[in-house]
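To start, the structure itself, in structure tokens.
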Amino acid sequence: MQEWFRNGFTVSTDRAKLDVDAIHAFLSSSYWAAGIPRATMERSLEGSVCFGVYQTSAGGRLVGFARVVTDHATFAYLADVFVVESHRGRGLSKWLIECVLACDELQGLRRWMLATRDAQGLYARFGFTPPDEPGRLMQRVDREIYARKT
Numbered sequence: 641m642q643e644w645f646r647n648g649f650t651v652s653t654d655r656a657k658l659d660v661d662a663i664h665a666f667l668s669s670s671y672w673a674a675g676i677p678r679a680t681m682e683r684s685l686e687g688s689v690c691f692g693v694y695q696t697s698a699g700g701r702l703v704g705f706a707r708v709v710t711d712h713a714t715f716a717y718l719a720d721v722f723v724v725e726s727h728r729g730r731g732l733s734k735w736l737i738e739c740v741l742a743c744d745e746l747q748g749l750r751r752w753m754l755a756t757r758d759a760q761g762l763y764a765r766f767g768f769t770p771p772d773e774p775g776r777l778m779q780r781v782d783r784e785i786y787a788r789k790t
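In the working numbering, each number is its position in the sequence shown, counted from 1, plus 640.
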């Protein structure tokens, strides 16, 4: 477990601190995970290195989140990154990504990947670029899966 502190906020990998209700509320209304069932989201947390951003002065309220899916040897996929709207514009997303990339558990990985519709500028600051050969990447997506789950 690691923690970082700055200006009244904490970033932590401590799973016990995660506010699963707040994470689900945000993700289930996001463009990338709309309608995700809570049980599915909870399983995704179990298989990930999770980072919560907490406001110290508000009793440790979760105001941001990110998770990394990794084999801990060569590859990591950064997912579900968010800062709640009331706390945007304070540099928290940049700091959160700094903490993710500094995490001891995630050092020495050859490749990091992510998908974003609108935050390319944020990730470019940290060395993320479009793939050299995007035609080599493939995906398999079931866009209706959450609608079929209860």
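Quick reminder that beta carbons are idealized off the backbone N, C-alpha and C, glycines included.
Quick caveat, the model's predicted, so the values are computed rather than measured.
Quiz item: Across which residues does DSSP place residue 688 in a beta bridge pair?
Solution: For residue 688, which the question treats as bridged, DSSP gives no partner whatsoever.
Practice problem: Please work out which residues of its chain come closer than 7 angstroms, Cβ to Cβ, to residue 738, disregarding the five sequence neighbours upstream and downstream, and give them in chain order. | Solution: Residues of the same chain with their beta carbon placed closer than 7 angstroms to that of residue 738 are lacking, with the five preceding and five following residues left out of the count.
Quiz prompt | Inter-residue Cα distance where the pair is residue 746 and residue 714 | solution = Residue 746 and residue 714 have their C-alpha atoms some 9 angstroms from each other.
Quiz item: Taking the runs of the beta strand (DSSP E) that are 3 residues or longer, which of them lie wholly in the segment 670-758?
Solution: List check, beta strand (DSSP E) in window: 689-695, 701-710, 715-723 and 751-753.
Self-check item: residue 758 to residue 641 span [Cα, whole Å]
Solution: Residue 758 and residue 641: Cα-Cα distance of roughly 30 angstroms.
Practice problem: With a threshold of 16 other CB atoms inside 10 Å of the CB of residue 726, please say whether the residue is buried or exposed. | Solution: Residue 726 is exposed by the Cβ-count criterion.
Quiz item: When the Cα atoms are used, what is the spatial distance from residue 772 to residue 766?
Solution: Near 17 angstroms, if we compare the C-alpha coordinates of residue 766 and residue 772.
Quiz item: Between the Cα of residue 788 and the Cα atoms of 724, 661, 653 and 676, which residue gives the shortest distance?
Solution: For residue 788, the nearest C-alpha among the options comes from 676.
Quiz item: Three-state secondary structure (DSSP) at residue 766?
Solution: Coil, per DSSP.
Quiz item: Who pairs with residue 643 in a beta bridge, going by DSSP?
Solution: Bridge partners of residue 643 according to DSSP: 652.
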